[in-house]
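Take a look at the structure below.
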Amino acid sequence: MPKTLAEMLGSPMLAVATGLGGVMGLLSFNALFCIYLERKISAWIQRRMGPMEVGFHGMLQTVADMVKLLGKQLITPKGIDKPLYHLAPLVVFAPVVAGTSLMAFSGSFALHHIDLGLVLVFTFGGFAVLGIFMAGWGSNNKYALLGAMRSVAQNISYEIPLLLSALSVVMLTTSMGRTVTVGDETVAVQGLNLFHITMVQMDRNVWFIVLQPVAAILFFIAVLAETNRAPFDIPEAESELVAGFHTEYSGMRFALFFFGEYSNMLIGCMVATTLFFGGWSGPLLPGPVWFFLKSYALMAVMMWVRWTYPRLRFDQLMRFCWMVMIPLSIVNLLVTAFFLKVF
Amino acid sequence: MKTPNPIDLAPASAPEDEMYYLNMGPQHPSMHGVLRLLLKLHGEEIITAEPVIGYAHRAHEKMAENRSYIMFLPNTSRVDYLSGMIYNLAYCEAMEKILDIEVPERAQYIRTIANELNRISSHLLWFGTFLLDLGGVTPFLYCFDDREEILEVLDRVTGSRLTYSYGRFGGVTMDVDDAFLDGARAVLKRIRERIPMYLSLVHDNVIFRERCDGVGVMTGDLLRKYGITGPPLRAAGVAYDVRRAEPYGIYDRFDFEIPTRTAGDCMARFEVRVDEMEQSCRIVEQAIEGLPEGPIMPGRMKKRFKPPKGEFYFAVESARGHFGMYIVSDGTDNPSRIKLRTPSFSNLSSMPEVLRGTFVADTIAIVGSIDVVLPEIDR
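Protein sequences appear in the order of chains A and B. Heads up: the first sequence begins at 4 in the working numbering, then just goes up one per residue. Heads up: the second sequence begins at 1143 in the working numbering, then just goes up one per residue.
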């Protein structure tokens, strides 16, 4: 069983401080790295070079951009709803930190080890839409408001297939064995425990994407929609709504939204890795390395999709969710349940 | 005129206090310059849409009245900066008709090549920006890559990339060389290789189809009412092209088709433009093939022209539709009045009717699909 940080350090307070530092460090690195990766991937898709000037192959470009954003004036527009406007970036950003700390990075170490890990991750993930709506509502800008409206409808709708497809994996996890043996330990399997989901996949030597291909695809599409990534990026559709919900944000406030978006992407990919790609399992390399390799491979796919497809229209997006995604995920769940009962 | 709307978000009788105005533009990422659309919205559905123009007004028509005919030449390539060649040569041909100047054969062929290359480059830019409007960023860079080739070829002979001012009354400024012709052939080869790729990447994409099929239908009376020309007209099944209807220059010598569609929606306009690129390639090919030797100007030209008193109208097919010049001469060497009939203006004026009942996202797609160039509208 993974050791938690508190057990290792012996003090809960110390664990909180270290864990927070670690997670913030990871997310900061993630944001810087992902922006760089996004630029490079888009450049390669578009037959360009991408950033090349700052540092080796432009590797320090995002650092320079971050410094620029830090130095920028924070413009506060007139007529805003002050509490909402100022709180919104934090509401987007704070749950991301909490969500990341629940991840099952490795079999021997955890920041938190909670049996309801999956539920909590989705709970924290659900906060993002609140922050986006606060930003849109509080900005006193019609583009922002339109973006916020779109975002709420989209995120709430796509949460259903997201949860339903995750649920079929949970059912598999609990049904594939009451116990799981790792090393010399035998523990009762909890279906919502991210560590146990990984362990069951390791134990049975199978990734759940093989058993649940439909759920994996649905989950990935739902993650794209939940994180407002193209082709579902209608809340911030730049050709329609200028910048959508964050139109009125500048400098570091805008950077926090950006930060939140990339962190949410990372969380989505990390959960997908755990649910469908065997988490930290893999030969030779240590567990966390495999975990992040898989997560970033999924991130690269998200970026690939973004630079390939045009954007859906709002009503088409909703129709796709309610007419295709949700029925399909329910059918998938029923089929899974049926097979688990029969065999 | 209404797009298929599965969820009826706005009842026909939405209460007035649930509506609001959205001022889209003049500074907006997809308003193609400085178009301002005043939208009255209910949620995302458009109740009324009113284009507000004039932000790029440079008084070209007024300028014409204060200078001689020949001094107005550079203005013409600046009316529409994306197909400056077509407008510039149109003015030359209009003046040649009025002044009864015989244009040498070689100049005619060169003009045709330049015109059609310019048309392809304009359509390529439209292709990229239209996809950009729909949220696909990547095609934009591919198209610019191709367009760059055309601009380089034209730059070689005209000395500029956008505002060419290549024509003179009676011919063209510079003769083309073999390098230009080779460059033009290379462009044709490249465009022909790339169009199938574009079609397979874009046209067959399910999201693109969803966004374009049945969106922004412009057919029937609407076309007549607003004088819509160019690809939007041909996309509605009317095979009207000035190059064929009233051939000017030497267009009657070439074998080309007028691509049409019947649906009249964004998809039809897309397909018509892509087909037109291929047809332009055919014309350029034939013109290069038949390019005769000879002079490019009819001998030494005068510096001052005094056309006879009267009113003259001359029309060409620009990349956007029927472009007409209405020239009023009072017998002096300054025009009394030059009225430019620009296709984008008429096409855009239909927007209040077309946009009603669509969504904000459709607005962007429809305005993008009629391919407006704002400086041409404002003049």
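We treat Cβ as the ideally placed atom computed from N, Cα and C, and that holds for glycine.
Cβ-Cβ separation, residue j to residue i (assumed contact under 8 Å), whole Å
i, j, result
"Thr-339/A", "Thr-277/A", "In fact, because the Cβ distance is near 18 Å, the residues do not count as touching under 8 Å."
"Phe-198/A", "Pro-5/A", "6 Å"
"Leu-288/A", "Ile-237/A", "Not really, about 39 Å apart at Cβ, beyond 8 Å."
"Arg-1298/B", "Phe-1322/B", "5 Å"
"Gly-2/A", "Gln-204/A", "Because chain A is modelled from 4 through 346, residue 2/A falls outside the range shown and cannot be assessed."
"Cys-328/A", "Leu-221/A", "What sits at residue 328/A in the sequence shown is Met, not Cys. About 6 Å separates the two Cβ atoms, so the contact holds."
"Pro-1389/B", "Tyr-1340/B", "No, Pro-1389/B and Tyr-1340/B are not in contact; Cβ-Cβ is about 30 Å, not under 8 Å."
Within-8 Å CB hit, residue i to chain A
i, result
"Asp-1504/B", "yes"
"Arg-1336/B", "no"
"Asp-1275/B", "yes"
"Tyr-1340/B", "no"
"Ser-1511/B", "no"
"His-1170/B", "yes"
"Ile-1349/B", "yes"
"Leu-1164/B", "yes"
"Ser-1318/B", "It should be pointed out that residue 1318/B corresponds to Val in this sequence rather than to Ser. Taking Cβ atoms only, chain A never reaches closer than 8 Å to Val-1318/B, which makes this a no."
"Glu-1186/B", "yes"
"Thr-1484/B", "no"
Nearest candidate by alpha-carbon position, reference residue i, set the options
i, options, result
"Cys-272/A", "Met-11/A, Gly-102/A, Gly-134/A and Gln-193/A", "Gly-102/A"
"Tyr-252/A", "Asn-231/A, Arg-232/A, Ala-228/A and Ala-91/A", "Ala-91/A"
"Arg-1411/B", "Met-1360/B, Gly-1432/B, Met-1439/B and Ile-1252/B", "Met-1360/B"
"Val-100/A", "His-89/A, Lys-85/A, Thr-126/A and Pro-80/A", "Thr-126/A"
"Tyr-161/A", "Ser-104/A, Phe-342/A and Leu-331/A", "Leu-331/A"
"Met-3/A", "Asn-158/A, Ile-159/A, Val-192/A and Gln-157/A", "Given that chain A is displayed from residue 4 to residue 346, the structure contains no residue 3/A and the question cannot be resolved."
"Thr-1305/B", "Asp-1504/B, Lys-1239/B, Ser-1264/B and Glu-1160/B", "Ser-1264/B"
"Phe-1311/B", "Gln-1250/B, Arg-1336/B and Glu-1352/B", "Gln-1250/B"
"Glu-264/A", "Lys-85/A, Ser-154/A and Glu-243/A", "Ser-154/A"
"Val-1295/B", "Val-1514/B, Arg-1253/B, Ala-1328/B and Leu-1283/B", "Ala-1328/B"
"Glu-188/A", "Gly-24/A, Gly-110/A and Gly-58/A", "Gly-110/A"
"Met-1439/B", "Tyr-1308/B, Leu-1293/B and Gly-1277/B", "Tyr-1308/B"
"Thr-1500/B", "Tyr-1162/B, Arg-1351/B and Thr-1190/B", "Thr-1190/B"
Residue i at chain B interface by Cβ criterion, 8 Å
i, result
"Pro-164/A", "no"
"Val-245/A", "yes"
"Val-327/A", "no"
"Lys-344/A", "no"
"Pro-238/A", "no"
"Ser-332/A", "no"
"Ile-200/A", "no"
"Tyr-312/A", "yes"
"Ala-131/A", "no"
"Ala-49/A", "Looking at the sequence provided, one finds Gln at residue 49/A rather than Ala. Cβ-Cβ to chain B under 8 Å: yes for Gln-49/A."
"Gln-76/A", "no"
"Gln-157/A", "no"
"Ala-303/A", "no"
"Ala-101/A", "no"
Residue i - containing alpha helix (DSSP H), residue span
i, result
"Pro-98/A", "85-104"
"Phe-342/A", "329-345"
"Ile-1430/B", "1408-1432"
"Met-326/A", "Counting along the chain, Met-326/A falls outside any alpha helix (DSSP H), and DSSP gives it neither H nor E."
"Ser-178/A", "145-178"
"Val-1295/B", "1280-1300"
"Arg-1087/B", "Because chain B spans 1143 through 1521 in this model, residue 1087/B falls outside it and cannot be assessed."
"Arg-1366/B", "1363-1368"
"His-1202/B", "1202-1207"
"Gln-64/A", "64-74"
"Glu-1244/B", "Unbroken run through Glu-1244/B: none, as it is neither H nor E."
"Val-209/A", "Where Val-209/A is concerned, there is no enclosing alpha helix (DSSP H), given that its DSSP letter is neither H nor E."
"Trp-293/A", "290-309"
"Thr-1218/B", "1215-1221"
Residues bridged to residue i (per DSSP)
i, result
"Phe-1465/B", "Val-1458/B"
"Val-122/A", "None, per the DSSP bridge assignment."
"Met-1166/B", "Leu-1179/B"
"His-1184/B", "Glu-1187/B"
"Thr-7/A", "Ala-113/A"
"Lys-1481/B", "Tyr-1468/B"
"Gly-1313/B", "Arg-1310/B"
"Phe-1501/B", "Glu-1187/B"
"Glu-1453/B", "Val-1470/B"
"Pro-1193/B", "Leu-1179/B"
"Thr-1371/B", "Its beta-bridge partners do not exist; DSSP assigns none."
"Thr-182/A", "Ala-191/A"
Limits of the beta strand (DSSP E) - the one that residue i falls within
i, result
"Val-190/A", "188-191"
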